[in-house]
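Colleague: One structure coming up, written as structure tokens, with questions to follow.
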Amino acid sequence: MLRPRYVPPEDIFPPNPWAFEAVQYDARLAQELTGQAETMFALSNGYLGIRGSVEEGTPVQEAGTYLSGFYEHRPISYGEHAYGFPTVGQSILNCPSGTALKLFVEDEPFVVPQAEILSYRRSLDLRAGTLNRDVRWASPAGTRLHMQTVRLVSLAHRHLAAIAFVLTAEDADVEIAISSELENAPSSTADIADPRLAASLAGRVLHPTGFQAEGMRAMLSYRTESSGFHLGCGMDHAVSSESSYLTEQVCSDDFAAVTIRCKLARNKPIVIYKYLSYHYSDNSAPAQILFQTALTLDRALKSGFQEIVERQRSDVERFWARADVAVECDNPRTQQTIRWNLFQLLQASERSEGHGIGARGLTGRTYEGHYFWDTEIYVLPFLIYTNPAIARSVLKFRYDMLDKARARARELGHRGATFPWRTINGDEASAYYAAGTAQYHINADIAYALQKYVNVTGDDEFLWSYGAEILTETARLWFDLGFFSESKGGKFCINGVTGPDEYTAIVNNNCFTNLMARENLRYAAQVVRDLKRVHPDRFEALAQRTGLDSSELADWEDASERMYLPYDERLKIHPQDDDFLDLEKWDFAATPENKYPLFLYYHPLNLYRSQVIKQADTVMAMFLLNEHFSREEKRRNFEYYDPLTTHDSSLSVCIQSVVANEIGLPHKAIEYFNFAAAMDMSDIGGNMMNGAHVAAIGGTWLALVYGFAGLRDSKGCISFNPVLPKEWSHLSLVLTVRGQRFQIEVDPNSVIYTLLSGERLEFSHVGEDLVLSSAEPVITRPTGQGRPDA
Numbered sequence: 001m002l003r004p005r006y007v008p009p010e011d012i013f014p015p016n017p018w019a020f021e022a023v024q025y026d027a028r029l030a031q032e033l034t035g036q037a038e039t040m041f042a043l044s045n046g047y048l049g050i051r052g053s054v055e056e057g058t059p060v061q062e063a064g065t066y067l068s069g070f071y072e073h074r075p076i077s078y079g080e081h082a083y084g085f086p087t088v089g090q091s092i093l094n095c096p097s098g099t100a101l102k103l104f105v106e107d108e109p110f111v112v113p114q115a116e117i118l119s120y121r122r123s124l125d126l127r128a129g130t131l132n133r134d135v136r137w138a139s140p141a142g143t144r145l146h147m148q149t150v151r152l153v154s155l156a157h158r159h160l161a162a163i164a165f166v167l168t169a170e171d172a173d174v175e176i177a178i179s180s181e182l183e184n185a186p187s188s189t190a191d192i193a194d195p196r197l198a199a200s201l202a203g204r205v206l207h208p209t210g211f212q213a214e215g216m217r218a219m220l221s222y223r224t225e226s227s228g229f230h231l232g233c234g235m236d237h238a239v240s241s242e243s244s245y246l247t248e249q250v251c252s253d254d255f256a257a258v259t260i261r262c263k264l265a266r267n268k269p270i271v272i273y274k275y276l277s278y279h280y281s282d283n284s285a286p287a288q289i290l291f292q293t294a295l296t297l298d299r300a301l302k303s304g305f306q307e308i309v310e311r312q313r314s315d316v317e318r319f320w321a322r323a324d325v326a327v328e329c330d331n332p333r334t335q336q337t338i339r340w341n342l343f344q345l346l347q348a349s350e351r352s353e354g355h356g357i358g359a360r361g362l363t364g365r366t367y368e369g370h371y372f373w374d375t376e377i378y379v380l381p382f383l384i385y386t387n388p389a390i391a392r393s394v395l396k397f398r399y400d401m402l403d404k405a406r407a408r409a410r411e412l413g414h415r416g417a418t419f420p421w422r423t424i425n426g427d428e429a430s431a432y433y434a435a436g437t438a439q440y441h442i443n444a445d446i447a448y449a450l451q452k453y454v455n456v457t458g459d460d461e462f463l464w465s466y467g468a469e470i471l472t473e474t475a476r477l478w479f480d481l482g483f484f485s486e487s488k489g490g491k492f493c494i495n496g497v498t499g500p501d502e503y504t505a506i507v508n509n510n511c512f513t514n515l516m517a518r519e520n521l522r523y524a525a526q527v528v529r530d531l532k533r534v535h536p537d538r539f540e541a542l543a544q545r546t547g548l549d550s551s552e553l554a555d556w557e558d559a560s561e562r563m564y565l566p567y568d569e570r571l572k573i574h575p576q577d578d579d580f581l582d583l584e585k586w587d588f589a590a591t592p593e594n595k596y597p598l599f600l601y602y603h604p605l606n607l608y609r610s611q612v613i614k615q616a617d618t619v620m621a622m623f624l625l626n627e628h629f630s631r632e633e634k635r636r637n638f639e640y641y642d643p644l645t646t647h648d649s650s651l652s653v654c655i656q657s658v659v660a661n662e663i664g665l666p667h668k669a670i671e672y673f674n675f676a677a678a679m680d681m682s683d684i685g686g687n688m689m690n691g692a693h694v695a696a697i698g699g700t701w702l703a704l705v706y707g708f709a710g711l712r713d714s715k716g717c718i719s720f721n722p723v724l725p726k727e728w729s730h731l732s733l734v735l736t737v738r739g740q741r742f743q744i745e746v747d748p749n750s751v752i753y754t755l756l757s758g759e760r761l762e763f764s765h766v767g768e769d770l771v772l773s774s775a776e777p778v779i780t781r782p783t784g785q786g787r788p789d790a
């Protein structure tokens, strides 16, 4: 059920391996792809995100500026309310935008669609971490002008963004004015027919609390209506010009502008450096927030743009040293797509400390900026192997919402903790319980991610300080939620849940959920027993905080060992749940191509009563817990479920690619990988204008590393079984395990493992135990026997 792929025209969007760029201006395409371009050219550092709207402000879909964790409450309304339904949600806010630098030439506004363009280039530089623009045009009076801009959101200073604006009159002196603006404009409204889009908030959300203006600096401050935040944002400037210039300023509650006027001398450019600062807090007064905003601007002015841009390049270079994935193949677009995807993971996470990572990062308001299971399952593996400090921060963020998860469990009548399906602040924000609260598997997903983090990094301190408590409360939930069923021979069953496949809801014994719960229960018992043995004082502290009784561990182990897993003897597969195989198969032949995704065109009940799958579910379990299934079991399950899967979720094809690789279906593996990698660049879901699919991007990394490189890391044992697609001639990637950084280079017939830093790394290659060390930093082995189509 793969959608048609849009291939960007190469004469306009060439496949540069280190940039995404437009090298020509096409007015029709620019208008049609305005929203997509704002996403593709967006900049972020994980705390501050700015969409890639153009400096002149038009055309524009949403000139979005977002801060991680900065939200407003919104009421959740129901036609018929029921106990336990969330009544208050959260929605990420669009902050005042400061990217506008509006140019007027001889009093005429410069707007690209109306200009006579002589040359054009816009480039997201993946090495420098900057968005660059270079435009030459002729004014209505015939004067040739040349504009260059460089924009960045700083990785080093997470509250800072900066823009360099250079304007040159090439063949005559010319009167110009540049209006540099900071404006609190309303966000675009949502399409209520699409549940993915952010809800519109009624009334005014950001209430002015003051403004300050002096010289070329202006600052605005606000408070939110009900979430308790105070926001400060500001801009300041430095100007360099051989032509004399005048400045003027206006400032009010919602708008500030610094206008620079001059008669620009021929071939003597004017350079404007614009600095933007954003701060918010729920415990600081407006004056304090503005003081912090001013400090950031002061530091930027003192450093200067050149130093800031050099530091940005240095930070991005360090990222590529630890995270690059290089591919050699006939299609140069592949490498560009991979690196653009990896760059999005950097932008979504690098300065996210203290916060989660939203489903669309900070590139759009789709899903209202909420955090889902996506983070732990799709994004965290990348962070664990490339930036473990941020992986730790993401898990600590989950720990910090543990008290709210306990309260939610009590509300639902459970022991332990029930983490929210979607949230910003830890409170459940999902209005549709069948595809929200019922997805209890998120609790096991968090435990799974914690286990992977500890096994790969060796961070036992985090496990003892925070992880053991998460595991205790999630294990309690599972033991309370399930029961030992007489009709299932005394097996432990979990009823009334929804797995990853949201086209099949409120089922009994979802196989994915039961498998993940089993692992959660087992690991929790193991960790708490180890804690009691190794750190009895910490165990006592945990017992006091949680009321833990040692007898609970035996209950968890019993439930884990007796967990019920659906199995069909005739098909020799694991049914997705108790009743899935009894449903009628969806009639795909009678489903028009324009009726996908199905959830926008068919009532949920039509989907729930059919064998139709939104995204990998049982197949997903066989990837995450691959050691529990034989290759043949995986193949039988894949071959049954794959034709039933619509991939209406962007999270699906990457997992299918990994499993297809493992079971010997390389044609499927590369086909699914190509769709996963191009999810945004080819706008496969048709909604990329609303933000990048950050979790699907993480899934692309999974398909590369767990798929083609064949990484497996169950129980902390690192192993590889690389198989290169026949379309590729080389694959190389970098990983870090327990502080040891190493490179894997895969050719059609050989694999080279190289220790880049560290002392010793133990791993296996196609079943052979190997050790990289300072004494033997390079090991070469032949590739495995491959996984040919069968």
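First residue of the sequence shown? That's 1 in UniProt numbering, and the numbers climb one at a time after it.
In this text, a Cβ means the ideal position worked out from N, Cα and C, and glycines have one as well.
Only a predicted model underlies this, so the values are computations on that prediction, with no experimental measurement involved.
Opposite W137 in the DSSP bridges: which residues?
Modeller: One-based indexing of the sequence shown puts residue 137 at position 137. Partner(s): I117, L145.
Colleague: Could you name the residues of the same chain whose beta carbon sits closer than 8 Å to that of D577, not counting the 5 residues immediately before and after it, in chain order?
Modeller: Looking up residue 577 in the sequence shown gives position 577. Around D577: G499, T504, V507, N508, N509, N510, C511, P566.
Colleague: So the candidates are L531, S610, I424; which of them puts its Cα closest to the Cα of E469?
Modeller: As a first step, residue 469 must be located in the sequence shown, where it is residue number 469. Closest option to E469, Cα to Cα, is L531.
Colleague: Should the region 406 to 423 be regarded as contacting the region 376 to 388, the criterion being three or more beta carbon pairs within less than 8 Å?
Modeller: Verdict: no, contact absent.
Colleague: Okay, do the region 584 to 601 and the region 516 to 525 touch, 3+ Cβ pairs below 8 Å being the bar?
Modeller: The region 584 to 601, when compared against the region 516 to 525, does not touch it at the 8 Å Cβ threshold.
Colleague: Going by DSSP in three states, D530 sits in which element: helix, strand or coil?
Modeller: Mapped onto the sequence shown, residue 530 falls at position 530. DSSP places D530 in helix when its eight states are reduced to three.
Colleague: Is the Cβ of T149 closer than 9 Å to any Cβ of chain B?
Modeller: No chain B is present in this structure, which holds just one protein chain.
Colleague: In the DSSP assignment, the beta strand (DSSP E) including Y245 goes from what residue to what residue?
Modeller: Taking the sequence shown and counting its residues from 1, one reaches residue 245 at position 245. Unbroken beta strand (DSSP E) run through Y245: 245 to 251.
Colleague: According to DSSP, is E561 helix, strand or coil?
Modeller: If you number the sequence shown from 1, residue 561 lands on position 561. Helix, per DSSP.
Colleague: List the residues that DSSP assigns as beta-bridge partners of V258.
Modeller: Position 258 of the sequence shown, counted from the start, is the residue given in the question as residue 258. Bridge partners of V258: S180, Q249.
Colleague: Tell me whether T296 sits in a helix, a strand or coil according to DSSP, three-state version.
Modeller: Within the sequence shown, the letter at position 296 stands for residue 296. T296 falls in the helix class under three-state DSSP.
Colleague: Contact defined as beta carbons within less than 8 Å: I believe V734 pairs with L702. What is the distance between those atoms, to the nearest angstrom?
Modeller: As a working mapping, residue 734 is identified with position 734 in the sequence shown. As a working mapping, residue 702 is identified with position 702 in the sequence shown. The pair is not a contact, with the Cβ atoms about 16 Å apart (cut-off 8 Å).
Colleague: For a quick check, are the C-beta atoms of S91 and L201 less than 9 Å apart?
Modeller: Here residue 91 is taken as the residue at index 91 of the sequence shown, counted from 1. Here residue 201 is taken as the residue at index 201 of the sequence shown, counted from 1. In contact: S91 and L201 (Cβ atoms closer than 9 Å).
Colleague: Output the distance between the C-alpha atoms of R299 and V271, rounded to the nearest integer angstrom.
Modeller: Sequence index remark: in the sequence shown, residue 299 carries index 299 (1-based). Sequence index remark: in the sequence shown, residue 271 carries index 271 (1-based). Their Cα atoms are separated by approximately 19 Å.
Colleague: For I424, which option in G413, T375, Y448, D460 has the closest C-alpha, if you only look at C-alpha atoms?
Modeller: Walking along the sequence shown from the start, residue 424 turns up at place 424. Of G413, T375, Y448, D460, the residue nearest in Cα terms is T375.
Colleague: May I have the straight-line CA-CA distance separating R781 from I752, to the nearest angstrom?
Modeller: As a working note, residue 781 is residue 781 in the sequence shown. As a working note, residue 752 is residue 752 in the sequence shown. The straight-line gap from Cα to Cα measures roughly 7 Å.
Colleague: Beta-carbon separation of E175 and R261 under 9 Å?
Modeller: If you number the sequence shown from 1, residue 175 lands on position 175. If you number the sequence shown from 1, residue 261 lands on position 261. Yes, Cβ-Cβ distance for E175 and R261 is below 9 Å.
Colleague: Is there contact here, the region 719 to 739 with the region 703 to 710, by at least three beta-carbon pairs under 8 Å?
Modeller: A contact exists between the region 719 to 739 and the region 703 to 710.
Colleague: Exposed or buried, which one is K274 when buried takes at least 16 other CB atoms within 10 Å?
Modeller: Start at 1 with the first residue of the sequence shown, and residue 274 comes out as number 274. Answer is buried; the Cβ neighbour count reaches 16.
Colleague: Look at the Cβ atom of T363, then the Cβ atom of G691, and state whether they are nearer than 9 Å.
Modeller: Taking the sequence shown and counting its residues from 1, the one referred to as residue 363 is at position 363. Taking the sequence shown and counting its residues from 1, the one referred to as residue 691 is at position 691. Yes. Within cutoff.
Colleague: As a quick exercise: from G369, N637, R28, pick the residue whose alpha carbon is nearest that of L48.
Modeller: Here residue 48 refers to the residue found at position 48 of the sequence shown. Minimum Cα distance to L48 is reached at G369.
Colleague: Applying the 10 Å Cβ sphere with the 16-neighbour rule, what's the burial state of G129?
Modeller: Translated into the one-based positions of the sequence shown, residue 129 becomes position 129. Answer is buried; the Cβ neighbour count reaches 16.
Colleague: Check this for me: beta carbons of A695 and Y378, under 9 Å apart or not?
Modeller: Along the sequence shown, read from residue 1 onward, the residue named residue 695 stands at position 695. Along the sequence shown, read from residue 1 onward, the residue named residue 378 stands at position 378. The answer is yes: Cβ separation under 9 Å.
Colleague: Would you list the one or two residues that DSSP bridges to M219?
Modeller: Taking the sequence shown and counting its residues from 1, one reaches residue 219 at position 219. Looking at the DSSP assignment, M219 forms a beta bridge with Q212, G234.
Colleague: Relative to the C-alpha of R223, which residue among E214, D236, T209 is closest?
Modeller: Along the sequence shown, read from residue 1 onward, the residue named residue 223 stands at position 223. The option with the nearest alpha carbon to R223 is T209.
Colleague: At which residues does the beta strand (DSSP E) containing P332 begin and terminate?
Modeller: Residue numbering aside, residue 332 sits at position 332 when the sequence shown is read from its first letter. Here P332 belongs to no beta strand (DSSP E); instead the alpha helix (DSSP H) covers 332 to 349.
Colleague: For A389, count neighbouring Cβ atoms within 10 angstroms of its own Cβ and tell me buried if that reaches 16, exposed if not.
Modeller: Mapped onto the sequence shown, residue 389 falls at position 389. Exposed, by the Cβ-count rule.
Colleague: Compare the beta carbon distance of A434 and A517 with 9 Å and say whether it is the shorter of the two.
Modeller: Within the sequence shown, residue 434 is the residue found at index 434, counting from 1. Within the sequence shown, residue 517 is the residue found at index 517, counting from 1. Cβ atoms of A434 and A517: not closer than 9 Å.
Colleague: Report yes or no: do the region 80 to 98 and the region 29 to 44 share at least 3 C-beta pairs separated by less than 8 Å?
Modeller: They do not touch, by the three-pair rule.
Colleague: Within 10 angstroms of its Cβ, does P113 collect 16 or more other Cβ (buried), or is it exposed?
Modeller: Position 113 of the sequence shown holds residue 113. When all chains shown are included, P113 counts as exposed.
Colleague: K102 lies in the beta strand (DSSP E); which residues open and close that run?
Modeller: Position 102 of the sequence shown, counted from the start, is the residue given in the question as residue 102. Element bounds for K102: 101 to 105.
Colleague: Inspect the CB distances between the region 641 to 658 and the region 607 to 615 and report whether three or more fall short of 8 Å.
Modeller: Because the criterion of three Cβ pairs below 8 Å is met, the region 641 to 658 and the region 607 to 615 touch.
Colleague: Do the CB positions of L182 and L220 come within less than 9 Å of each other?
Modeller: If you number the sequence shown from 1, residue 182 lands on position 182. If you number the sequence shown from 1, residue 220 lands on position 220. Yes; because the gap between Cβ atoms is below 9 Å, this pair is in contact.
Colleague: Would you call L101 buried or exposed, if buried means 16 or more other Cβ atoms sit within 10 Å of its Cβ?
Modeller: Position 101 of the sequence shown, counted from the first residue, corresponds to residue 101. So L101 counts as buried.
Colleague: Compute the distance between the beta-carbons of V456 and R738, then report whether it is under 9 Å.
Modeller: Here residue 456 refers to the residue found at position 456 of the sequence shown. Here residue 738 refers to the residue found at position 738 of the sequence shown. Contact: yes.
Colleague: Would the beta-carbon of R636 fall within 9 Å of that of G664?
Modeller: Taking the first residue of the sequence shown as position 1, residue 636 is located at position 636. Taking the first residue of the sequence shown as position 1, residue 664 is located at position 664. For R636 and G664, no; Cβs fall outside 9 Å.
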